[in-house]
Each structure stands twice: as C-alpha cells, then as structure tokens.
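Enquirer: One structure follows; several queries about it will come next.
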Amino acid sequence: MRIVKRIGKYALILLGLLVLAYLVLIVVRRPSLTRDWAPDQAVLATVEFSAGGDLVQITNIRNIDYRSTTDYDIRYYDKTYDLSKLESVWYMVEPFAGYGAGAAHTLVSFGFEGGDYVAISAEIRKEKGEAFSAVKGLLRQYELVYVIADEQDVIKLRSNYRKDDVFLYPVITSKENMRKLFVSMLERANELATKPEFYNTLTSTCTTNIVSHVNEIVPGRIPFSLKVLMPAYSDELAHDIGLIDNSVSLEELRQKYRINERAEQYADAPDWSVKIRQAK
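In the UniProt record's numbering, the protein residues as written are 1 to 280.
Given below as structure tokens:
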C-alpha cells in the first residue's frame with residue numbers, strides 16, 4: 001500500500017510538472033506569420049467581400065501542378081465568386097495508409113454553377129523540411145493555415161499522387177447553409193492571414209475546424225464524437241446524423257463516392273472536377 005501511495009505521489013508530481021511545462025510553452029512559444037515556410041505554404045489566400053452583395057474575391061487561390069509529391073510547379077490565381085450561384089458542398093475524407101486506425105485528412109469543397117469548384121483545407125503550415133507529427137501538433141510546433149485551392153491541387157494530390165483512398169461526398173444541406181458555411185470559412189481564412197494561431201492535434205485540426213464552422217451555423221448539428229478526433233471514421237458520423245446520404249449503407253456510399261478510379265482515368269481532363277463526380 002505504501003508503495004502504491006508513493007507511486008501515486010510521484011505520478012501527481014510528474015503531472016504537475018508537465019502541466020507547468022505546457023503553461024510555460026504557451027507563454028514562450030507564440031504563433032507567427034514570418035517563419036521560413038515550405039514553398040507550397042508560403043503564400044496565404046485572402047478574401048474581399050462586396051458590401052452587402054453576393055460577390056467575394058479570393059486572392060491567391062493555390063493551383064499546384066504536380067508531377068509527383070515532391071516535384072511540382074506552384075501557381076496562384078485570383079477569382080471572384082458569386083454566392084448566389086453556389087449550388088453544392090462536398091466533404092472529402094482521405095484515410096492515411098500506414099498511419100494507424102483513424103488517421104485521415106478532411107476538407108470541404110464548394111461547387112458553383114457551370115462546374116466550378118473551390119476547396120478549403122485546414123492544415124498545418126509547414127516550415128521548410130517539416131513533416132506532420134501528432135505529438136508536435138500538441139506542443140505548439142505548427143501554425144494553422146486554411147489553404148484555398150482548386151480541386152486539381154488539394155484533391156488530385158491525394159488521389160493521383162499519394163495514391164490514398166479518397167472519398168468525396170455531397171453534403172445534404174440547404175443553399176442558405178451552404179452560403180453561410182462558405183462565408184464562415186473564408187472569414188476564418190482572412191483572420192489567419194493576419195492573426196496566426198497554432199494547430200492542435202486534439203482541438204484545432206482539419207476536422208475539428210470543419211465541425212466548428214458547421215455548429216456555428218446550426219448549433220449542435222454535429223455532436224461530440226471520437227470519430228471527429230479519428231477522422232477516417234468521420235464519414236461514418238456524417239452518415240449517422242444525415243449530413244451525407246444515409247438511405248443506403250455506408251459501405252455502398254463509400255463504394256459510390258470513392259473517386260480514385262475516375263481521378264486516374266480523367267487525370268488530364270480540363271473538367272476533372274466534373275468527371276470525378278460522375279456516378280458509377
């Protein structure tokens with residue numbers, strides 16, 4: 001019993017020291033906009049909203065042309081979107097091969113009339129030579145960035161070059177909520193372009209940020225779930241609560257919306273985003 005009490009005492013001391021160390025880290029390690037960023041994340045997108053209107057102008061939409069995951073040309077363009085022509089929202093899940101159960105990246109893409117799409121991806125903002133680590137993500141080692149890009153950048157990278165399974169699901173929601181979600185995410189991108197924040201493996205990830213935006217629009221729409229913290233299962237949660245089609249089984253849905261074969265088949269098509277959405 002005495003040994004157990006002693007172990008318990010040491011455990012409390014260790015826990016106290018860890019908490020103290022983390023508090024010191026919070027004070028000392030501050031987020032920044034001026035690190036030596038990886039080339040693909042050196043430029044941030046910004047957004048200008050028309051006063052009381054439907055138009056939003058996005059500056060520095062990323063459009064990387066990949067030859068491989070390490071060989072690519074980085075390009076950007078500016079574009080104005082008409083919010084009245086927003087007609088769909090899509091949820092992408094990319095389970096990571098070899099990273100353990102539950103690991104995945106998620107993002108949201110917005111579809112406009114005429115087959116035009118723009119994606120928003122919450123990610124770590126890497127410095128040169130940096131790679132993702134879940135532990136480092138807890139220790140204020142990465143800033144958070146909202147990458148605004150076309151789908152042939154952020155989705156094609158994952159399906160055609162990383163060769164990960166990619167599932168792209170249409171979200172069931174109203175046109176009004178599509179618009180609110182798009183505006184909310186654009187506003188957040190603007191904030192991060194001037195007021196940096198840290199990524200956090202538990203509280204501020206690709207998926208938790210999406211959940212925050214959705215629940216801002218419809219409070220409580222996405223309940224707390226470990227499937228948010230293990231985003232490879234986040235489509236299961238979305239299926240359970242009806243954010244994506246739950247009139248069929250999740251297995252059928254995954255088969256229908258796994259885009260890899262179409263992504264490879266139409267790799268060079270100018271309307272790639274349209275082709276990957278063609279029904280099986």
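Using N, Cα and C, we set each Cβ at its ideal position, and we do this for glycine too.
Per the DSSP calculation, L107 is bridged to which residue(s)?
Expert: By 1-based counting over the sequence shown, the position of residue 107 is 107. Looking at the DSSP assignment, L107 forms a beta bridge with M92.
Enquirer: Locate the beta strand (DSSP E) running through N246, then write down its first and last residues.
Expert: Stepping through the sequence shown from its first residue, residue 246 is reached at position 246. Taken as a continuous stretch (DSSP letters only), N246 belongs to no beta strand (DSSP E), as it is neither H nor E.
Enquirer: What's the call for K175, buried or exposed, on a 16-neighbour Cβ count within 10 Å?
Expert: In the sequence shown, counting from the first residue as 1, residue 175 sits at position 175. With fewer than 16 Cβ atoms within 10 Å of its Cβ, K175 is classed as exposed.
Enquirer: Are the stretch 220-228 and the stretch 184-201 touching, with three or more C-beta to C-beta distances below 8 Å?
Expert: Contact between the stretch 220-228 and the stretch 184-201 is absent, because fewer than three Cβ pairs lie under 8 Å.
Enquirer: Which two residues bound the contiguous beta strand (DSSP E) that contains E191?
Expert: By 1-based counting over the sequence shown, the position of residue 191 is 191. Not the beta strand (DSSP E): E191 falls in the alpha helix (DSSP H), residues K175 to T194.
Enquirer: For N215, count neighbouring C-beta atoms within 10 Å of its own C-beta (all shown protein chains included) and say buried if the count is 16 or more, exposed if not.
Expert: Position 215 of the sequence shown, counting from 1, holds the residue named residue 215. That one is exposed.
Enquirer: From what residue to what residue does the beta strand (DSSP E) around I241 run?
Expert: The residue labelled residue 241 in the question sits at position 241 within the sequence shown. It is not in any beta strand (DSSP E) - I241 carries neither H nor E in the DSSP assignment.
Enquirer: Cα separation between A122 and G52?
Expert: Your numbering for residue 122 matches position 122 in the sequence shown. Your numbering for residue 52 matches position 52 in the sequence shown. So the alpha carbons of these two residues sit roughly 27 Å apart.
Enquirer: Let me confirm a value: T34 is counted as buried when at least 16 other C-beta atoms fall within 10 Å, else exposed. Which label applies?
Expert: Your numbering for residue 34 matches position 34 in the sequence shown. By the neighbour-count rule (16 or more Cβ atoms within 10 Å), T34 is not buried but exposed.
Enquirer: Do you know offhand how far Q141's Cα is from A193's?
Expert: Indexing the sequence shown from 1 puts residue 141 at position 141. Indexing the sequence shown from 1 puts residue 193 at position 193. Straight-line Cα distance between these residues: approximately 18 Å.
Enquirer: Of the choices D82, P39, W90 and T207, whose alpha-carbon is the least far from that of D71?
Expert: Here residue 71 corresponds to residue number 71 of the sequence shown, with the count starting at 1. Closest by alpha carbon: P39.
Enquirer: Three-state secondary structure (DSSP) at N209?
Expert: The sequence position of residue 209 within the sequence shown is 209, counting from 1. Reduced to three states, the DSSP call for N209 is helix.
Enquirer: Would D153 be called buried (16 or more neighbouring beta carbons within 10 Å of its own) or exposed?
Expert: The residue given as residue 153 occupies position 153 in the sequence shown. Result: buried.
Enquirer: Per the DSSP calculation, F167 is bridged to which residue(s)?
Expert: Walking along the sequence shown from the start, residue 167 turns up at place 167. Answer is V93 and R258.
Enquirer: Return the Cβ separation of I259 and L157 in integer angstroms, given the expectation that the two are a contact with Cβ distance under 8 Å.
Expert: Taking the first residue of the sequence shown as position 1, residue 259 is located at position 259. Taking the first residue of the sequence shown as position 1, residue 157 is located at position 157. The pair is not a contact, with the Cβ atoms about 13 Å apart (cut-off 8 Å).
Enquirer: With three or more C-beta pairs closer than 8 Å as the rule, is the stretch 71-86 touching the stretch 109-125?
Expert: Yes, the stretch 109-125 is in contact with the stretch 71-86.
Enquirer: Nearest to A134 by alpha carbon, out of L86, E187 and C206?
Expert: For this step, residue 134 is matched to residue 134 along the sequence shown. Checked all of L86, E187 and C206; the closest Cα to A134 is C206.
Enquirer: How far does the alpha helix (DSSP H) with Q57 in it extend, from its first residue to its last?
Expert: Translated into the one-based positions of the sequence shown, residue 57 becomes position 57. That residue, Q57, is in no alpha helix (DSSP H); its beta strand (DSSP E) goes L55 to R62.
Enquirer: Mind checking whether V218 and N177 have CB atoms under 8 Å apart?
Expert: The residue you call residue 218 lines up with position 218 of the sequence shown. The residue you call residue 177 lines up with position 177 of the sequence shown. Yes, the pair counts as a contact, with Cβ atoms nearer than the cut-off.
Enquirer: In this structure, does DSSP put V154 in helix, strand or coil?
Expert: Position 154 of the sequence shown, counted from the first residue, corresponds to residue 154. Residue state, collapsed to three classes: helix.
Enquirer: Considering only C-alpha positions, which residue in the set H105, A149, S32 and T69 is nearest to Y117?
Expert: Within the sequence shown, the letter at position 117 stands for residue 117. Selected option, being the one with the closest Cα: A149.
Enquirer: Check whether the stretch 92-104 and the stretch 230-237 touch, using three or more Cβ-Cβ pairs below 8 Å as the test.
Expert: The stretch 92-104 is in contact with the stretch 230-237.
Enquirer: Report the rounded CA-to-CA distance for Y22 versus L139, giving the unit in angstroms.
Expert: Here residue 22 is taken as the residue at index 22 of the sequence shown, counted from 1. Here residue 139 is taken as the residue at index 139 of the sequence shown, counted from 1. The predicted model places Y22 with a pLDDT of 47, which falls under 50 and marks its position as unreliable; any figure quoted below should be read in that light. If I take the Cα positions, the gap works out to 8 Å.
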